[in-house]
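One gets the numbering used here by counting positions in the sequence shown from 1 and adding 2 to each.
For each residue, glycine too, the CB sits at the ideal point set by N, CA and C.
Note that this is a predicted model, so its numbers are computed, not measured.
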Amino acid sequence: MKLPSLSQIWSDYSATFRRFPLTLISALIGTIVALMLVEQEASPEPSILYSILLTTILALPLLPALKLTAERNSNKQGSIWGLQALGVVILLVHALSVPADLYRAPMIHGFRFSAFSVAGVLLLAALPFVRHGANIGFWQFNKTLVFRVILAEAFAVVLFSGLGLALAALDNLFGVDIPGKRYFELWILIQGLFVVSFVLSGIPGSLAELDQVTEYPRSLKILGQYVLAPLVLVYFVILYAYIAKIVFTWSWPQGWVGRLILGFSATGIVALFVLDPLREKMENSWIRKASNWYYLILLPLVVVLFLALWRRISEYGITEDRYLGLTIGVWLAFIAGYFLLSRSKSIKMIPTSLFVLTLIISIGPWGMFAVAERSQINRLESMLSADSILVDGKIQKAPSPVSEEHSVEISAILRYLNDVHGFAGIEPWFDQSLQADSTMTRSRYKSAEDVAALMGVEYSLWTRASLDKYFSVYVDPQAPISLSGYDQMLHAQFGGRVTWVDSTKQSKVVKVETDSVSILLRFLADNASADTIRIPLTTLIDRADSVRTSIYESLLPLEQAMLEFEDDNYKTKVVMLRANLRRSEGGVVVNSYETLVLYSRKGED
Numbered sequence: 003m004k005l006p007s008l009s010q011i012w013s014d015y016s017a018t019f020r021r022f023p024l025t026l027i028s029a030l031i032g033t034i035v036a037l038m039l040v041e042q043e044a045s046p047e048p049s050i051l052y053s054i055l056l057t058t059i060l061a062l063p064l065l066p067a068l069k070l071t072a073e074r075n076s077n078k079q080g081s082i083w084g085l086q087a088l089g090v091v092i093l094l095v096h097a098l099s100v101p102a103d104l105y106r107a108p109m110i111h112g113f114r115f116s117a118f119s120v121a122g123v124l125l126l127a128a129l130p131f132v133r134h135g136a137n138i139g140f141w142q143f144n145k146t147l148v149f150r151v152i153l154a155e156a157f158a159v160v161l162f163s164g165l166g167l168a169l170a171a172l173d174n175l176f177g178v179d180i181p182g183k184r185y186f187e188l189w190i191l192i193q194g195l196f197v198v199s200f201v202l203s204g205i206p207g208s209l210a211e212l213d214q215v216t217e218y219p220r221s222l223k224i225l226g227q228y229v230l231a232p233l234v235l236v237y238f239v240i241l242y243a244y245i246a247k248i249v250f251t252w253s254w255p256q257g258w259v260g261r262l263i264l265g266f267s268a269t270g271i272v273a274l275f276v277l278d279p280l281r282e283k284m285e286n287s288w289i290r291k292a293s294n295w296y297y298l299i300l301l302p303l304v305v306v307l308f309l310a311l312w313r314r315i316s317e318y319g320i321t322e323d324r325y326l327g328l329t330i331g332v333w334l335a336f337i338a339g340y341f342l343l344s345r346s347k348s349i350k351m352i353p354t355s356l357f358v359l360t361l362i363i364s365i366g367p368w369g370m371f372a373v374a375e376r377s378q379i380n381r382l383e384s385m386l387s388a389d390s391i392l393v394d395g396k397i398q399k400a401p402s403p404v405s406e407e408h409s410v411e412i413s414a415i416l417r418y419l420n421d422v423h424g425f426a427g428i429e430p431w432f433d434q435s436l437q438a439d440s441t442m443t444r445s446r447y448k449s450a451e452d453v454a455a456l457m458g459v460e461y462s463l464w465t466r467a468s469l470d471k472y473f474s475v476y477v478d479p480q481a482p483i484s485l486s487g488y489d490q491m492l493h494a495q496f497g498g499r500v501t502w503v504d505s506t507k508q509s510k511v512v513k514v515e516t517d518s519v520s521i522l523l524r525f526l527a528d529n530a531s532a533d534t535i536r537i538p539l540t541t542l543i544d545r546a547d548s549v550r551t552s553i554y555e556s557l558l559p560l561e562q563a564m565l566e567f568e569d570d571n572y573k574t575k576v577v578m579l580r581a582n583l584r585r586s587e588g589g590v591v592v593n594s595y596e597t598l599v600l601y602s603r604k605g606e607d
């Protein structure tokens, strides 16, 4: 394969720049701004740089989408530039909405940016084909775009690895000081300058010609038919078995099942999207039948999703996650109905409807952010009024101790508001400002603990009954541990990384295997198992439970943290350094532990 010359690379880049000048300029500006922010090391000081960076990132899908749409609908330069100018205006409006103190601002701004980014990608996928072109052209365009992105990122990793190794060589071999942030800056440069231009250069010059392309990668058929389709079947069996359990036990569906339903939905839709160009071929008629059956069996799962979400909403109100789950459920019902009843069954409907939905729920008083904030503030208002803390729209100290249940719920709402929305919505209730006392804090508002204190409410995210279930024990780290009588020591832990330790005898290796109630030492010689020792920990666990004096951590005396064992070949001693435990109806359950194991082979010096 002949590698392209530098002149050819420059010629390709120039052609890409002439076609997408605004996008490449945005990428350049965004790269420079990102490098400046890295140099500032995320300073909490207000800066317009955050606004510029987020806006240039949104420009990457938005401006090409508008340019390709204009090319597809008109060859007039005035129309092409006019549509892109509209995009620039939209980006400027967004830039004005980004707070200068983004570093300290509530997370809602980051969530909204993520939603806009998803909408931009969906717009790029669908907008150039909304009015023109068959499904095959639309599919080929998105296939090309996805493959180009994957290839660009693969090249980026190789390029970063090579250049990063060169920087490391300068640092370690020649003593040139290379700060750690230089590697991050290198990655930003590669993403902003190389990846963007490489992806744009791979977009076909004529989208109309894609309607005539019949090429279908074999790798995609393997992915759809032999990877995604079996996954859908696994999801189907699990979910419908769960539905049967709900019917027979007459129990309300758990909230966690919603994630599985969303996984089933996403996997199935992606599989059908990938296989769509094959559905009209006679030998692949099963794809049409599978599509109809898939959307039919999806509808009962949407009902289960609504039931699971409604239970959480009725108990704890609406949050962004629950709002999003409900809207996705509505969208899934719409898509299922469309592909079951529509004659055209165009896959263009998937990204088009998702874009509209994403845009609608991201803005306005009906959007997920505004609705979630109102829901949680209303819940807070109701509880504070019931406890006579909010009287005539003003906060006063709780006249009597607040129940534990209300304290936990009030604390959880305050924490949510502080993290996601800030306290602007409840600040009118207070006579004093809820703004942070210092501009150097991570949040622009007072902490949730401080606001709870102003209400006279004890801040706690857990009830005592919940806290009572979990506890930890530990050995004084300064306590001396006698090694007398033992010539080997190793570390063993559960709930973390399994430890391998070589003994001092080169011909032997010790493999450590742990579970919640025992430690297994497997002594290996010549890659074969020679001896094994299983050390039960039940006695140590009972001792840990008996010494508990606090709902958090309790000191475990060293003499109670040690147990000795002996068999025909080895004598061992285990020392429990730390353990995290949980009480349940069946007894004490070990979540994790950390131990030292001392051992010595009998008859060896």
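Identify which residue in the options has its Cα closest to the Cα of residue i.
i: Gly458; options: Phe432, Phe473, Pro206; result: Phe432
i: Leu195; options: Ser387, Pro219, Ile59; result: Ile59
i: Ile205; options: Val410, Arg584, Ala17; result: Ala17
i: Ile138; options: Val276, Val272, Arg324; result: Val276
i: Asp278; options: Arg417, Ser53, Arg524, Lys223; result: Lys223
i: Val576; options: Asn582, Leu523, Asp547; result: Leu523
i: Val272; options: Ala158, Trp252, Val229; result: Val229
i: Asn420; options: Ile365, Pro559, Gln437, Asn294; result: Gln437
i: Val151; options: Trp83, Val305, Leu165, Phe200; result: Phe200
i: Glu375; options: Val393, Ser346, Tyr418, Lys347; result: Tyr418
i: Ile412; options: Val453, Val393, Glu429, Pro430; result: Val453
i: Leu129; options: Ile248, Arg261, Gly327, Pro66; result: Pro66
i: Trp189; options: Phe162, Leu172, Leu209; result: Phe162
i: Leu382; options: Leu361, Arg133, Glu407, Gln42; result: Glu407
i: Ala97; options: Tyr318, Trp141, Pro108, Arg114; result: Arg114
i: Glu429; options: Ser402, Leu392, Ser409, Ser462; result: Leu392
i: Val2; options: Gly487, Asp389, Thr597; result: Missing from the structure shown is residue 2; the chain here goes from 3 to 607 and no further.
i: Asn571; options: Leu94, Ser602, Ala455, Leu583; result: Ser602
i: Leu56; options: Val95, Ile349, Glu460; result: Val95
i: Gly226; options: Val404, Ser293, Thr216, Glu451; result: Ser293
Can you find the residues in the same chain that come closer than 8 Å, C-beta to C-beta, to residue i, ignoring five residues on each side of it along the sequence?
i: Val519; result: Pro538, Leu539, Thr540, Ile543, Val592
i: Val500; result: Residue placement at Val500 is poorly supported in this model, since its pLDDT is 43, which falls under 50; the coordinates still yield a value, given next. Here the set comprises Val514, Glu515, Thr516.
i: Gly260; result: Leu307, Ala310, Leu311, Gly327
i: Tyr15; result: Ser199, Ser203
In this structure, does DSSP put residue i in helix, strand or coil?
i: Thr58; result: helix
i: Asn603; result: Here residue 603 is Arg; the residue named in the question, Asn, does not match the sequence. Arg603 falls in the strand class under three-state DSSP.
i: Ile535; result: strand
i: Leu598; result: strand
i: Arg133; result: coil
i: Phe22; result: coil
i: Trp12; result: helix
i: Ser81; result: helix
i: Val178; result: coil
i: Ile521; result: strand
i: Thr321; result: coil
Near residue i, which residues of its chain fall below 6 Å by C-beta distance, leaving aside the five closest residues on each side in sequence?
i: Val198; result: Ala29
i: Leu85; result: Leu68, Ala72
i: Asn144; result: Ala127
i: Ser484; result: none
i: Ser505; result: The predicted position of Ser505 is uncertain, since its pLDDT is 38 and thus under 50; a value taken from the coordinates is nonetheless stated next. The residues are Gln490, Val512.
i: Tyr595; result: Phe496, Ala581
i: Asp439; result: none
i: Leu560; result: Val477, Ala481
i: His423; result: Pro108, Ile110, Glu375
i: Lys399; result: Gly458
i: Leu70; result: Pro130
Ignore the nearest five residues each way along the sequence and tell me which others in residue i's own chain have a CB closer than 7 Å to its CB.
i: Asp569; result: Ile535
i: Arg220; result: none
i: Leu165; result: Leu188
Would you check if the distance between the CB atom of residue i and the CB atom of residue j is smaller than 8 Å?
i: Arg324; j: Asp103; result: no
i: Val306; j: Ile263; result: yes
i: Ala609; j: Ser364; result: Any property of residue 609 remains undetermined from this structure, which presents the chain solely from 3 to 607.
i: Ile299; j: Phe250; result: no
i: Leu125; j: Phe336; result: no
i: Lys183; j: Val40; result: yes
i: Val90; j: Ser53; result: no
Where are the alpha helix (DSSP H) runs, 4 residues long or more, that stay fully inside the stretch 390-433, in chain order? Entirely contained in the stretch 390-433, the alpha helix (DSSP H) runs reaching 4 residues are, in chain order, 406-418.
Beta strand (DSSP E) segments (min. 3 residues) lying fully within the stretch 556-591: 564-568, 572-586
Going along the chain, which unbroken runs of the alpha helix (DSSP H) with 4 or more residues stay wholly within the stretch 325-368? 351-364
Enumerated in chain order, which unbroken segments of the beta strand (DSSP E) with a length of 3 residues or greater are wholly contained in the stretch 458-490? 472-476
Beta strand (DSSP E) runs contained entirely in the stretch 179-210, provided each spans 3 or more residues: Listed in chain order, the beta strand (DSSP E) elements of length 3 or more contained wholly in the stretch 179-210 amount to none.
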